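Read the structure below first, then the notes.
Numbering (my numbering), first residue to last: 5 to 160.
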């Protein structure tokens with residue numbers, strides 16, 4: 005009887021861990037797994053947990069969150085990327101051209117924000133929590149001016 009209970013518990017544990025398997029985030033430059041223990045406190049929201057399940061930003065298209073993301077972008081990103089994400093010291097963010105092609109996906113864009121990139125783009129986990137990064141990403145996706153067929157975040 006005890007053995008069957010242990011077997012059942014092990015099977016349920018495997019089922020639930022597989023059902024709740026998170027995506028794995030990688031550094032945009034090195035490909036190493038990102039150490040999420042560096043994340044600023046306060047970002048472990050339901051939206052971030054959902055993002056960690058499938059790599060899609062649940063805030064995309066949410067106008068209220070887009071406005072919050074715009075405010076965060078203006079204070080932390082516009083100095084390099086421009087007030088309309090047109091590019092200045094850093095590249096433009098509203099069109100089809102991505103320095104890092106993985107940025108065409110929400111997971112790739114998050115990886116770059118969290119872990120940084122080449123040049124002047126340092127890791128943003130020191131400036132924003134993970135939920136705020138998702139809000140900034142929602143703003144960036146909202147101002148996109150490129151071909152919708154190339155917008156991988158729009159595909160379901």
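Just so you know, even glycine gets a beta-carbon here, dropped at the ideal spot from N, CA and C. Here the structure is a predicted model, which means the values were calculated and not measured.
Compare the Cα-Cα distances from residue 136 to each of 49, 98 and 121 and report the closest residue.
Nearest C-alpha to residue 136: 49.
Provide the residue span of the alpha helix (DSSP H) that contains residue 117, from first to last.
First-last of the alpha helix (DSSP H) with residue 117: 110 to 119.
Helix, strand or coil: which one does DSSP assign to residue 44?
Strand, per DSSP.
Thinking just about the alpha-carbon of each residue, which of 43, 138 and 30 is nearest to the one in residue 130?
Ranking the options by Cα distance to residue 130, first place goes to 43.
Pick out whichever of 143, 28, 93 and 35 has its Cα sitting closest to the Cα of residue 161.
For residue 161 there is no data in the structure shown, the boundaries of the chain being 5 and 160.
State the beta-bridge partners of residue 37 as determined by DSSP.
Beta-bridge pairing links residue 37 to 30.
Strictly by DSSP, which residues pair up with residue 3?
Not covered by the structure: residue 3. The range shown for the chain is 5 to 160.
Hey, out of 61, 156, 99 and 151, whose CA is closest to residue 138's CA?
When each option's Cα is compared against that of residue 138, the closest is 61.
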